[in-house]
Amino acid sequence: MPITSLPTPPSRTDAANFNARADAFLGALPTFATEANSLATEVNGYVVSASSSAATAVNAPGTSATSTTSLAIGTGSKSLTVQTGKAFVIGQWVTITSTASPANWMHGQITAYTSGTGALVVNVGLTSGSGTIAAWTVALSAPSQGGNSVLTSGSYADPAWITSLAAAKLTGQTAIANGGTGAATAPDARISLGLVIGSQVQAYNAALDQWAAKAVPAGVAVGTTDTQTLTNKTLTAMASASTVRDSAGTSYSIGYREVPQNGQNGAYTLSLADVGKHIFSANAGAQTITLPTNAVAAFAIGTAITIVNAGTTPIILSAVGVTLYQAGSSNTGNRTIAVRGVATLLKVGTDVWFISGAGIS
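Those letters in the sequence shown? Residues 30 to 390, per the numbering used here, in order.
As structure tokens, then:
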């Protein structure tokens with residue numbers, strides 16, 4: 030509303046026009062007062078309208094809101110009430126910031142929003158600060174990087190961080206779902222990735238380097254408990270007392286394609302190490318070879334041992350405590366193996382043996 034200008038006021042320096050100007054000036058004041066009051070009323074109306082418009086803007090559909098819901102800062106699902114009619118959509122990212130202390134905030138993705146009631150649910154993944162707060166400002170934000178791995182550089186004017194990504198620019202750990210390990214140390218990272226040494230993965234062993242150089246067999250690898258047929262395999266350095274089983278499941282000691290020699294020229298007692306071998310004697314005097322009882326040496330039934338006398342004196346085979354049958358006769362007891370004689374002992378029962386060969390008496 031325009032205000033009418035006042036006339037020239039009276040002045041004591043202009044005595045000739047003082048009365049006329051005083052009358053005119055005072056006569057214009059009532060009109061000025063009326064117009065000034067009208068302008069003040071109009072301005073006050075503008076202030077009220079502006080305040081109302083601001084409130085309407087906050088409460089009308091938009092991408093920011095406020096809330097007085099009391100919430101403790103933390104991760105996980107957070108429910109709060111904001112203004113109705115907001116343009117919030119499930120899947121959008123928002124930051125919930127303390128109105129009084131902006132250093133306290135929560136950041137996450139909207140999982141639910143009811144426009145008619147203002148009920149808002151946010152799945153918080155990032156936080157800053159702590160405490161329980163009841164005055165919040167909610168606004169749309171960029172998506173998070175997952176976990177608590179966020180850029181901490183105070184200035185984005187420095188482009189060096191884009192290429193260097195120095196440790197000082199990053200804090201926290203990146204979740205597995207976002208390409209990280211979710212851990213700060215190597216052992217914890219292995220646990221997060223399911224790579225616990227000794228549990229999910231085998232501990233390193235230098236022998237693995239040797240296996241790495243081996244060719245993978247064309248057929249099925251040999252196991253330790255399953256039934257398999259070995260073809261074109263060479264068995265070396267067999268352990269003592271190694272056995273094979275027949276079709277009935279009976280175990281037998283592994284023998285030799287040769288008859289290994291054990292040279293003995295003096296008194297000697299047969300032992301389990303002599304199974305499948307021959308005792309070779311080049312004696313130059315009296316010699317006794319003893320066949321022990323089963324209690325002393327538990328030879329398996331079917332054990333065969335050969336004695337060869339290449340010496341100059343007959344060998345006495347002592348069979349005390351053992352029944353020793355001479356094949357082809359009813360003779361039992363000690364036997365004598367003549368010079369150039371060959372005798373084979375065969376165990377047929379507990380402490381029962383047969384002897385056969387040439388030069389036996």
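Beta carbons: idealized from backbone N, C-alpha and C, even for Gly. Since this is a predicted model, take the numbers as computed values, not measurements.
Along the chain, where does the alpha helix (DSSP H) containing residue i start, and where does it finish?
i	result
Q138	From DSSP, Q138 is part of no alpha helix (DSSP H) but of the beta strand (DSSP E) over W134 to T143.
A168	Segment W165 to L169 is the beta strand (DSSP E) holding A168; no alpha helix (DSSP H) there.
Relative to the C-alpha of residue i, which candidate in the options has its C-alpha closest?
i	options	result
L169	T124, S359 and V150	T124
S159	S130, A49 and Q290	S130
P382	A339, N338, T319 and R369	As written in the sequence, residue 382 is Trp, which differs from the Pro given in the question. The option with the nearest alpha carbon to W382 is T319.
P289	T341, I336 and A215	I336
H307	S359, V111 and L375	L375
T92	A79, F117 and T98	F117
H136	D217, V245, A250 and P172	P172
D275	T256, E287 and G292	T256
R50	T42, T37 and T332	T37
V368	A247, G340 and T143	G340
L155	Y142, T104, Y354 and T143	T104
By DSSP, does residue i sit in helix, in strand, or in coil?
i	result
I220	helix
S93	strand
F54	helix
V245	coil
G74	helix
S127	strand
G175	Reliability of the predicted coordinates at G175 is poor, the pLDDT of 49 falling under 50, and no value is obtained from them.
F117	coil
S40	coil
F328	coil
A266	coil
N291	strand
Q231	coil
Y185	Reliability fails at Y185, whose pLDDT of 44 lies under 50, so the model's placement of it is uncertain and the value that follows must be treated cautiously. Coil.
L237	helix
S385	strand
I226	strand
S280	strand
I32	coil
T361	strand
L299	coil
I308	strand
T322	coil
L68	helix
Under 8 Å, do residue i and residue j count as touching if we go by C-beta distance?
i	j	result
S310	N294	yes
V153	K107	yes
T33	T70	no
A164	T128	yes
T334	D380	Contrary to the premise, residue 334 reads as Ile rather than Thr in this sequence. No, the pair does not count as a contact, with Cβ atoms beyond the cut-off.
F54	L35	yes
N338	A348	no
I205	S221	yes
A94	T161	no
G305	Y285	yes
A132	S157	yes
V230	L237	no
I226	A232	yes
What are the start and end residues of the beta strand (DSSP E) that includes residue i?
i	result
L109	G105 to T110
V351	Here V351 belongs to no beta strand (DSSP E), and DSSP marks it neither H nor E.
Q316	Q316 to T319
A372	R364 to G378
R286	Run containing R286: none; DSSP gives neither H nor E here.
I334	A333 to N338
L149	A148 to S157
T272	T272 to R274
Starting from the C-beta of residue i, find all residues in its chain whose C-beta is less than 8 Å away, skip the five residues before and the five after it, and write them out in chain order.
i	result
T365	P343, I344, I345, L346, I389 and S390
T140	S106, I119, V150, V151 and N152
D187	Reliability fails at D187, whose pLDDT of 48 lies under 50, so the model's placement of it is uncertain and the value that follows must be treated cautiously. Excluding positions up to five away in sequence, the list is empty.
D43	R50
P246	none
W122	H136, G137, Q138, I139, L169, S170, A171, P172 and S173
Going by beta carbon distance, what residues of the same chain come within less than 7 Å of residue i, once the five residues before and after it are set aside?
i	result
L301	A326 and F328
G378	I330
L58	none
V147	Here residue 147 turns out to be Gly, not Val, going by the sequence shown. Closer than 7 Å at the Cβ level, and outside the excluded window around G147, lie T110, V111, Q112 and T113.
A65	I32
I283	M267, S271, T272 and V273
A213	Q202
P39	F47, R50, A51 and F54
Using a Cβ-Cβ cut-off of 6 Å (strictly less than) and excluding sequence neighbours within five positions of residue i, which residues of its own chain qualify?
i	result
G350	T322
S184	Only weak support is given to the placement of S184: the predicted model assigns it a pLDDT of 40, under 50, and the question is left unresolved by the model.
S385	A356 and T373
T126	W134 and T166
V371	V337, G386 and A387
G211	Q202, A204, I205 and S221
A215	none
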